[in-house]
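If you number the sequence shown the way the numbering used here does, the last residue is 989 and the count never jumps. Note that beta-carbon positions come from the ideal geometry of N, C-alpha and C, so glycine has one too.
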Amino acid sequence: MSEPGPGGPGPGGPAGRVADEADREPAGPAGPAAVLRRTAAAGALVARAAPGPLALHLLLTLAVGALPVTTAWLTKLLLDALSADAPRGRLVALGAGLAASGVVLGVVPQIGQYLRAELDRRVGLLAEDRLYTAVEGFAGLGRFENPRFLDRLRLAQGAGGGSPNQAVDGAVGIVRAVLTIGGFLGSLAVLSPLMTGLVLAAAVPTLLSEVAMARRKARTLWEVGPVERRQMFYGELLSSVEAAKEIRLFGTGAFLRGRMLADRRTADAAKRAVDRREALVQSGLGLLAAGVSGGGLLWAVGAAHAGTLSPGDVVMFVAAVTGVQGALAGLAGEVARAHRALLMFDHYLAVERAGPDLPVPVRPVALPPLARGIELRDVWFRYSPGHPWVLRGASLRLRHGEALALVGLNGAGKSTLVKLVCRFYDPDRGAILWDGVDIRTVDVTELRRRIGAVFQDYMHYDMTAAENIALGDLTALGDRPRIRAAAERAGIHPKLAGLPHGYDTLLSRRFFMESDKDDPETGVVLSGGQRQRLALARAFLRDQGDLMILDEPSAGLDAEAEHEVHTALRRHRGERTSLLISHRLGAVRDADVIAVLEDGRVVEQGPHGELIRSGGRYARLFALQAAGYRAEPAFTGESPRGHPAAGGAR
Numbered sequence: 340m341s342e343p344g345p346g347g348p349g350p351g352g353p354a355g356r357v358a359d360e361a362d363r364e365p366a367g368p369a370g371p372a373a374v375l376r377r378t379a380a381a382g383a384l385v386a387r388a389a390p391g392p393l394a395l396h397l398l399l400t401l402a403v404g405a406l407p408v409t410t411a412w413l414t415k416l417l418l419d420a421l422s423a424d425a426p427r428g429r430l431v432a433l434g435a436g437l438a439a440s441g442v443v444l445g446v447v448p449q450i451g452q453y454l455r456a457e458l459d460r461r462v463g464l465l466a467e468d469r470l471y472t473a474v475e476g477f478a479g480l481g482r483f484e485n486p487r488f489l490d491r492l493r494l495a496q497g498a499g500g501g502s503p504n505q506a507v508d509g510a511v512g513i514v515r516a517v518l519t520i521g522g523f524l525g526s527l528a529v530l531s532p533l534m535t536g537l538v539l540a541a542a543v544p545t546l547l548s549e550v551a552m553a554r555r556k557a558r559t560l561w562e563v564g565p566v567e568r569r570q571m572f573y574g575e576l577l578s579s580v581e582a583a584k585e586i587r588l589f590g591t592g593a594f595l596r597g598r599m600l601a602d603r604r605t606a607d608a609a610k611r612a613v614d615r616r617e618a619l620v621q622s623g624l625g626l627l628a629a630g631v632s633g634g635g636l637l638w639a640v641g642a643a644h645a646g647t648l649s650p651g652d653v654v655m656f657v658a659a660v661t662g663v664q665g666a667l668a669g670l671a672g673e674v675a676r677a678h679r680a681l682l683m684f685d686h687y688l689a690v691e692r693a694g695p696d697l698p699v700p701v702r703p704v705a706l707p708p709l710a711r712g713i714e715l716r717d718v719w720f721r722y723s724p725g726h727p728w729v730l731r732g733a734s735l736r737l738r739h740g741e742a743l744a745l746v747g748l749n750g751a752g753k754s755t756l757v758k759l760v761c762r763f764y765d766p767d768r769g770a771i772l773w774d775g776v777d778i779r780t781v782d783v784t785e786l787r788r789r790i791g792a793v794f795q796d797y798m799h800y801d802m803t804a805a806e807n808i809a810l811g812d813l814t815a816l817g818d819r820p821r822i823r824a825a826a827e828r829a830g831i832h833p834k835l836a837g838l839p840h841g842y843d844t845l846l847s848r849r850f851f852m853e854s855d856k857d858d859p860e861t862g863v864v865l866s867g868g869q870r871q872r873l874a875l876a877r878a879f880l881r882d883q884g885d886l887m888i889l890d891e892p893s894a895g896l897d898a899e900a901e902h903e904v905h906t907a908l909r910r911h912r913g914e915r916t917s918l919l920i921s922h923r924l925g926a927v928r929d930a931d932v933i934a935v936l937e938d939g940r941v942v943e944q945g946p947h948g949e950l951i952r953s954g955g956r957y958a959r960l961f962a963l964q965a966a967g968y969r970a971e972p973a974f975t976g977e978s979p980r981g982h983p984a985a986g987g988a989r
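What follows is the structure, given as structure tokens:
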């Protein structure tokens with residue numbers, strides 16, 4: 340059979356895949372329309388999370404914007420009143436106004452700080468809920484194996500809580516700065532239209548440079564993302580109990596630490612270059628502002644000496660120039676901050692709005708109870724156009740009530756086939772049928788509800804023993820008899836019952852339970868085999884499922900434990916439909932059908948006895964593995980034919 344091209348036909352082929360924009364490189368909110376859309380999205384998120392604190396925060400922020408101008412005018416009027424020997428009542432009123440302004444300026448920032456922290460808490464909670472709800476909605480595994488998407492997800496996790504508030508703060512800050520600038524410019528224009536124009540002209544480079552720096556910083560964060568993710572990976576290795584044994588035994592700590600620090604230096608160098616450029620630009624702009632302010636002050640002193648400005652006018656002029664420059668610098672900073680926040684918020688929106696990663700049927704077909712069986716019909720699959728084909732026209736039929744075992748060498752495609760049956764991916768070509776129904780046309784949640792599984796890379800959760808089992812079917816979370824029955828079937832009940840708190844014992848040393856917080860030895864760590872039995876108990880909870888998938892269910896177990904597990908599995912399978920993968924061919928010999936995968940195709944299938952008699956690929960693999968259990972004069976690592984004695988099938 341010839342291999343299909345990149346545009347192979349079929350509903351699962353490239354034409355049928357969802358166009359994934361979640362890992363695209365961010366272009367940023369360049370145009371005004373994009374800026375407004377993202378600002379509106381950020382504002383809607385903040386308003387939904389904390390409408391009351393947001394309204395009060397906006398009110399106080401805008402009020403603070405008018406205070407500098409008010410204070411400057413009160414100061415001018417007070418000085419002029421003193422120079423003109425104004426009545427005592429007028430002086431007291433102006434002084435009281437200045438005192439009140441000072442009180443407001445002293446109190447409002449503290450209230451604003453509390454409101455800002457409350458906004459961060461509430462928005463962070465809602466943003467995190469939305470983000471992980473979106474991530475939970477990804478039905479497949481492709482995005483979690485895409486480095487570019489993982490970089491975006493990491494940035495989204497950091498940006499979701501803070502960026503919306505920063506964008507809203509920036510927008511409000513811009514309005515506040517405009518109020519302050521407008522008030523001071525009006526005052527300055529009365530005294531000197533020429534100086535007004537000079538101050539405004541000096542502010543334009545500041546505004547443009549701040550926006551450019553914001554873009555550069557956001558771009559740098561995206562570019563150093565892969566490096567920082569590697570750095571975190573090495574850091575997690577150096578601090579995790581899972582890696583501690585090998586790192587200490589092999590003495591690789593210094594090597595891994597060197598790699599971590601090298602990645603840190605690379606990321607720091609990129610950020611340092613941005614910071615250095617920003618410092619140089621800001622210094623130049625500061626000198627420009629100082630020159631304009633100094634020149635204006637000299638003009639004001641000269642005008643006062645000539646009698647064209649009063650002492651109050653001079654104070655007002657100095658306050659206006661300083662206020663306009665400060666507000667313009669603040670405006671530039673707020674624009675930059677809002678722009679940078681929107682650029683980062685773009686990562687959050689890209690993940691939250693990514694949509695399904697697998698095609699979703701508009702009208703899902705009802706998934707019937709499995710009565711006839713599951714069929715793989717000419718299935719082709721590869722993980723991306725740049726990867727080799729893993730399955731090359733695999734065809735297979737698993738009949739209802741049948742136990743089918745998949746065997747083959749490493750890389751033959753067995754675990755990939757299981758992923759396709761669970762619809763973690765869709766075939767590039769061909770179809771997987773459940774009683775004749777293409778599984779791409781049914782609701783994926785309903786499909787997976789019918790399947791129980793133990794994967795080769797099974798999970799262990801840093802939770803209690805009962806919770807570790809109940810995660811297989813959350814309806815059993817409060818049903819202790821059902822949890823115990825699953826544990827007994829998996830052969831782990833005696834161990835769990837004997838723990839300090841029984842099934843309520845925390846199976847981790849990473850956290851502590853409230854009842855054990857004063858005990859430094861809190862938590863229990865199970866052995867690898869015991870964890871595997873725990874994973875089996877999780878699968879046994881779904882005893883009403885139509886299909887049981889067992890991918891290396893006894894790997895890592897000793898001989899006695901393996902025998903017990905497979906005996907339990909045989910009892911559990913009964914008349915159930917099951918798909919079994921195992922390196923140990925002796926564990927699958929009692930399966931109804933054994934299928935041999937080789938180079939992505941099913942090359943043999945049939946009962947154990949029939950395959951042995953045929954003398955084909957399975958018979959050779961079985962003989963090689965059985966040779967390892969025969970008595971030999973001296974173990975040389977090879978079978979009599981010169982092959983590895985323990986050559987397994989995977």
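- Nearest to Pro544 by C-alpha distance, out of Ala671, Gly574, Ala606 and Ile513, is Ala671.
- 8 Å or more divides the Cβ of Leu772 from the Cβ of Met802.
- Here DSSP, grouped into helix, strand and coil, assigns Met534 to helix.
- In the DSSP annotation of this structure, the continuous segment of the beta strand (DSSP E) that includes Glu714 starts and ends at Gly712 to Phe720.
- Taking 8 Å as the upper bound for CB-CB distance, Ala878 and Met887 are in contact here, some 7 Å apart.
- By the CB criterion at 8 Å, Ala435 and Ala658 fall outside the cutoff.
- Going by C-alpha positions, Leu489 is about 26 Å away from Ala675.
- The alpha carbon of Ala805 has as its nearest neighbour, out of Gly817, Asp508 and Gln505, the alpha carbon of Gly817.
- Pairing Arg491 with His678 gives a Cβ-Cβ distance that is not under 8 Å.
- The three-state reading of DSSP puts Ile831 in coil, since its state is none of H, G, I, E or B.
- In the three-state DSSP reduction, Thr916 falls in the strand class (E or B).
- Put simply, the segment 414-421 touches the segment 646-661. At least three CB pairs are less than 8 Å apart.
- As DSSP reads the structure, Thr803 sits in a beta bridge with Leu845.
- Here DSSP, grouped into helix, strand and coil, assigns Asp931 to coil.
- Judged by DSSP in its simplified three-state form, Glu891 adopts coil rather than helix or strand.
- For Arg738, the uninterrupted beta strand (DSSP E) run begins and ends at Leu730 to Arg738, by DSSP.
- The beta carbon of Leu494 is closer than 6 Å to those of His686 in its chain, skipping five residues each way along the sequence.
- When the beta-carbon positions are compared, Ala473 and Val690 come within less than 8 Å of each other.
- Per DSSP, reduced to three states, the secondary structure at Asp767 is coil, with no helix or strand assignment.
- In the structure shown, the three-state DSSP call for Arg702 is coil.
- Here the segment 754-774 does not lie against the segment 954-964, with fewer than 3 beta-carbon pairs under 8 Å apart.
- In terms of Cβ geometry, Glu891 and Gln964 do not form a close pair [threshold 8 Å].
- Contact check for Ala516 against Gly669 passes: the beta carbons are separated by less than 8 Å.
- Sorting Leu437, Arg387 and Ala742 by C-alpha distance to the C-alpha of Asp929 places Ala742 at the top.
- For Glu585, the enclosing alpha helix (DSSP H) covers residues Val580 to Phe589.
- Look at Asp777 here: in three-state DSSP terms it is strand.
- Ala379 and Ala423 have their alpha carbons spaced roughly 52 Å apart.
- Contact between the segment 519-539 and the segment 722-731 is not established, with fewer than three Cβ pairs separated by less than 8 Å.
- Partner residues in the beta bridge of Gln944, as assigned by DSSP, are Ala934.
- Pairwise C-beta distances place the segment 690-708 in contact with the segment 460-479, as three or more of them are shorter than 8 Å.
- Around the beta carbon of Ser502, 16 or more other beta carbons sit within 10 angstroms, so the residue counts as buried.
- One Cα belongs to Pro839, the other to Pro486, and the distance between them is close to 42 Å.
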